[in-house]
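For reference, the structure discussed in these notes is given below.
Residue numbers (UniProt numbering): 1 to 63.
Rendered as structure tokens:
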């Protein structure tokens with residue numbers, strides 16, 4: 001990186017260059033080990049909280 005723009009910001013304490021380099025190396029290693037993101041969740045037509053009509057019947061139901 002040629003620019004001097006900060007990529008990481010330390011919220012508390014004073015991190016030196018070696019600590020920031022270690023964090024950057026770990027983050028790069030973790031991001032490279034991940035494969036492509038595959039969604040395993042099925043697409044749903046309706047709301048996820050809604051149950052179908054046959055899913056529950058009240059004991060006092062007239063049906």
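Glycine included, every Cβ here is placed at the ideal spot set by N, Cα and C. Predicted model only: the values in this text are computed from it and were never measured.
Cα-Cα separation between residue i and residue j, rounded to whole angstroms
i	j	result
residue 33	residue 11	27 Å
residue 14	residue 23	14 Å
residue 60	residue 28	59 Å
residue 18	residue 56	60 Å
Collapsed DSSP secondary structure at residue i in the structure displayed
i	result
residue 9	coil
Residue range of the unbroken alpha helix (DSSP H) whose run includes residue i
i	result
residue 58	No alpha helix (DSSP H) holds residue 58; DSSP gives it neither H nor E.
residue 29	17 to 33
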